[in-house]
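Down below is the structure, laid out as structure tokens.
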Amino acid sequence: MIIIAFAPNSSKILPNILCKKFKHCAVIVRNENKFTMYQFVAHRHVEKIVLRHRDIGILATYGWHFVYIPRDIKHDFDPDSSWTCVGMTKHAIGICSPWILTPYSLYKHIHE
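Counting from 0, one number per residue, gives the positions in the sequence shown under numbering that gives the first Met the number 0.
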């Protein structure tokens, strides 16, 4: 199972100007009792953060929204090859649409 996390804020200037409701997205993959969050920082720099169930609840109190996708992560997933957090997320779940450029457009595409 893949969890896509959407954040309402970002420390970067450009997403705060261009993006509407959500400013950042991240991929969370479940490994037994723990979760691994792939946090996009910059091109060729993705942090892997180990989370517990409690940590996801803390993120939810800070306004993060979660979308659960009932499939496994792609076997050729390489988070370091992406240029944006949306590109990394689209590659993880297998979306090839070039028109999805912001976290909010990705959120709307998943919910359709």
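Ideal Cβ positions, reconstructed from N, Cα and C, are used throughout, including at glycine. Please read these numbers as outputs of a predicted model, since none were measured by experiment.
Just tell me which of the options has its CA closest to the CA of residue i.
| i | options | result |
| --- | --- | --- |
| MET0 | ILE92, ILE99, HIS108 | ILE92 |
| VAL40 | SER10, PHE76, PHE5 | SER10 |
| PRO69 | HIS23, ILE12, VAL28 | VAL28 |
| TYR67 | PRO97, ILE55, CYS84 | ILE55 |
| ILE48 | LYS33, GLY62, TYR61, THR60 | LYS33 |
| LYS19 | LEU50, LEU100, ILE109 | LEU100 |
Please report how far the alpha carbon of residue i lies from the alpha carbon of residue j, in whole angstroms.
| i | j | result |
| --- | --- | --- |
| ILE2 | HIS52 | 12 angstroms |
| GLN38 | ALA25 | 5 angstroms |
| TRP82 | PHE65 | 22 angstroms |
| PHE76 | HIS90 | 7 angstroms |
| ILE57 | ASN30 | 19 angstroms |
| HIS108 | ALA4 | 14 angstroms |
| TYR103 | MET36 | 19 angstroms |
Classify residue i: buried if its beta carbon has 16 or more other beta carbons within 10 angstroms, exposed otherwise.
| i | result |
| --- | --- |
| PHE21 | buried |
| PRO78 | buried |
| CYS84 | buried |
| ILE12 | exposed |
| ALA59 | exposed |
| HIS44 | exposed |
Could I get the ranges of all uninterrupted alpha helix (DSSP H) runs contained in the stretch 3-63, with 4 residues as the minimum, in chain order?
-> 12-17, 52-60
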